[in-house]
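Visitor:
In this note's numbering, the protein residues as written are -19 to 87.
1. What whole-angstrom Cβ distance do residue 53 and residue 82 have, given they're in contact under 8 Å?
2. So, are the CB atoms of residue 87 and residue 25 less than 7 Å apart?
3. Determine the burial state of residue 75: buried for a count of at least 16 other Cβ atoms within 10 Å of its Cβ, exposed for fewer.
4. Helix, strand or coil, according to DSSP, for residue 50 in the structure here?
5. Measure the beta-carbon distance from residue 37 to residue 15 and round it to whole angstroms, keeping in mind my assumption that it falls under 8 Å.
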């Protein structure tokens, strides 16, 4: 049995998502992109990454066992892999996998 409410909700969410992605191209197609929008495009990715780091490390306890060692080592691995390969996806994946290995098997 088809749940029509769920299908309708998925269709509406899909249309809204598509429109949100298309509207900026329609607005700025003929005009020059405002300097403020260009500035935000340069600055926001770094700000978001910084907020994600703070969010991920917010519950780390440095006074109880394992003293934040898995988190610190994983952050260092992310930084080193990113400096080495300059690939954001690879560095995040490597850091996540190393953290999970530390938590599951080492600490």
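Note that beta-carbon positions come from the ideal geometry of N, C-alpha and C, so glycine has one too.
Source: prediction; values computed, not measured.
Guide: Quick answer:
1. 7 Å
2. no
3. Buried: at least 16 other Cβ atoms inside 10 Å.
4. helix
5. Their Cβ separation, rounded to whole angstroms, is 34 Å, which puts residue 37 and residue 15 out of contact at 8 Å.
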